[in-house]
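J.:
In the working numbering, the protein residues as written are 750 to 1129.
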């Protein structure tokens, strides 16, 4: 439990320029590192994690033939990385010690630098995939990984883990999951961003699958990369496209919707911190400030195509604050505990831009004296 967790009980770019962009544009690759992976006379940092801004930087440390370099090449060379708005910022490589677990390596990497939303394990072992998926579920991150046997992720599917996205590959060394992760590195997840479905991958070959293989993968929410053509038979690839087929996390939820929810949650958390940074008074003045900031934030979500646009026929979102002291429905008269703790309450609804589904929500913004002091850096 952290100060942040206590501060914002339920949460789903700011005036001072703070931004979540780097968090969403970084990928963490977790792997064991041996001397055979490293270039001569190169030592990986003792803290167990290092950032790279290009493939050329990676091969200064790692041999081009190493699996780590193959993964990095796939990450940095996807088509989306020629576009500034969706370009990966950093590849972070986390070392798993020989005597340590994948989870321990991820914990250490997070403690050194937690600015990453995506985890890609180099390992294809079922136990490692399960460990990464469990860690991401607990630590509010996403993971993309390669599956070479449908049965390897049966436990993850059964656990309804919607933080894990799996793509099948017959060749265990193929860096397809790294490529998939790269295609959704962007500052937000609206429109096409975040959905792996129908993505074309650079440097990755399509594979052919039988009907039964496709059925097995779909029943387990496992994606695959294949050529889709209206004409059957050999030499017909040119009539179709190589596409990623599969839009769901292993738990069954749409991948893009999960990422959008995550973006909204983190953005509202950042907005709440900015709200407290204005040192709001616990009265209707503070309430009005909160409502104004939240409305501005949701208009941004509409701009990014996370929430549907407001038109003459439909309202994309509606927000309201619970009065602090005014009326019988005020916090003072209905929730003494919240009133004494100086909690602000914001509620409303929005329509998801992906499927147009109405989402009702309540955000409780909870500033204890100790937490305010920590956020603001001390009382004035």
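The beta carbon of each residue, even a glycine, is placed where N, CA and C say it ideally should be.
#1: Specify the secondary structure class of residue 1069 as computed by DSSP and reduced to three states.
#2: Can you give me the Cβ contacts of residue 808 inside the same chain, cut-off strictly under 6 Å, excluding the 5 residues immediately before and after it?
#3: Which same chain residues end up closer than 6 Å to residue 852 when comparing Cβ atoms and leaving out the 5 residues on each side of it in sequence?
#4: Compare the Cα-Cα distances from residue 1029 to each of 864, 930 and 1091 and report the closest residue.
#5: For residue 1114, does the count of other Cβ atoms within 10 angstroms reach 16, so buried, or fall short, so exposed?
#6: Buried or exposed: where does residue 977 fall if 16 or more other Cβ atoms within 10 Å of its Cβ makes it buried?
#7: Under the assumption that residue 837 contacts residue 916 (Cβ atoms under 8 Å), give the Cβ distance between them as a whole number of angstroms.
#8: The alpha helix (DSSP H) spanning residue 1096 covers which residue range?
#9: Who are the near neighbours of residue 965 in its chain, counting only those whose CB is closer than 6 Å to its CB and skipping five residues on each side?
#10: Quick one, are the C-beta atoms of residue 1043 and residue 1019 less than 8 Å apart?
#11: Comparing C-alpha positions only, which one of 1111, 1046 and 1032 sits nearest to residue 1081?
#12: Grab the span of the beta strand (DSSP E) containing residue 906 for me, first residue to last.
#13: In the DSSP output, which residue or residues are listed as bridge partners for residue 992?
#14: Determine whether the beta carbon atoms of residue 925 and residue 963 lie at a separation below 8 Å.
#15: Whole angstroms is fine: what's the gap from residue 951's alpha carbon to residue 820's?
#16: Is it buried or exposed, residue 828, if we count other Cβ atoms within 10 angstroms and call 16 or more buried?
#17: Determine whether the beta carbon atoms of residue 1152 and residue 1047 lie at a separation below 8 Å.
#18: Once you ignore the five residues that flank residue 914 on each side, which residues in its own chain have a CB closer than 6 Å to its CB?
#19: Would you kindly report the start and end of the unbroken beta strand (DSSP E) that includes residue 861?
#20: Determine the closest residue to residue 889 out of 839, 872, 856 and 935, with distance taken between C-alpha atoms.
#21: Can you tell me where the beta strand (DSSP E) with residue 1112 in it begins and where it stops?
#22: With burial defined as no fewer than 16 other Cβ atoms inside 10 Å of the residue's Cβ, what is the status of residue 765: buried or exposed?
#23: Going by other Cβ atoms of all chains shown within 10 Å of its Cβ, with 16 needed for buried, is residue 1074 buried or exposed?
#24: Under 8 Å, do residue 868 and residue 779 count as touching if we go by C-beta distance?
#25: From residue 1110 to residue 1009, what does the alpha carbon distance come to, in whole angstroms?
#26: On the CB-based measure, 16 or more other CB atoms within 10 Å of its CB, does residue 760 come out buried or exposed?
#27: Go through its chain and collect everything with a Cβ distance to residue 911's Cβ below 6 Å, but skip five positions before and after it.
#28: Output the boundary residues of the beta strand (DSSP E) element that contains residue 867.
#29: If you check the beta carbons only, do residue 973 and residue 980 fall under 8 Å apart?
#30: Give the range of the beta strand (DSSP E) segment to which residue 840 is assigned.
#31: Just checking my contact of residue 948 with residue 922 at CB under 8 Å: how many whole Å lie between their CB atoms?
#32: Which value, in whole angstroms, describes the spacing of the CA atoms of residue 772 and residue 802?
#33: Have a look at the DSSP bridge pairing and note the partners of residue 780.
#34: What's the gap between the Cα of residue 1101 and the Cα of residue 770?
#35: Mapping the DSSP letters down to three states, classify residue 873 as helix, strand or coil.
#36: So, under 8 Å CB-CB, residue 945 and residue 993 are touching, yes? Tell me the CB distance rounded to an integer number of Å.
T.: Taking the structure as given:
#1: strand
#2: 818
#3: 880 and 884
#4: 1091
#5: buried
#6: exposed
#7: That belief does not hold up - the Cβ atoms of residue 837 and residue 916 are roughly 18 Å apart, past 8 Å.
#8: Here residue 1096 belongs to no alpha helix (DSSP H); instead the beta strand (DSSP E) covers 1093-1100.
#9: 899
#10: Inclusion of residue 1043 and residue 1019 in the CB contact set at 8 Å is not warranted, their separation being larger than that value.
#11: 1032
#12: First-last for residue 906: 903-907, but that is the alpha helix (DSSP H), not the beta strand (DSSP E).
#13: 975
#14: no
#15: 13 Å
#16: exposed
#17: Nothing about residue 1152 can be read from this structure; the chain reaches only from 750 to 1129.
#18: 893, 998 and 1004
#19: Taken as a continuous stretch (DSSP letters only), residue 861 belongs to no beta strand (DSSP E), being part of the alpha helix (DSSP H) at 851-861.
#20: 856
#21: 1107-1114
#22: Low confidence applies here, because residue 765 scores a pLDDT of 49, under 50, leaving its location unreliable; read the following figure in that light. In summary, residue 765 is exposed, with fewer than 16 beta-carbon neighbours lying within 10 Å of its beta-carbon over all protein chains present.
#23: exposed
#24: yes
#25: 15 Å
#26: Confidence is the limiting factor: at residue 760 the pLDDT is only 42, short of 50, which leaves the residue's position unreliable, though a coordinate-based value still follows. Looking at its Cβ environment, which holds 16 or more other Cβ atoms inside 10 Å, residue 760 is buried.
#27: 998, 1000, 1002 and 1007
#28: 867-870
#29: no
#30: 839-844
#31: Not a contact, Cβ separation roughly 21 Å.
#32: Residue 772 and residue 802: Cα-Cα distance of roughly 14 Å.
#33: 844
#34: 21 Å
#35: coil
#36: 5 Å
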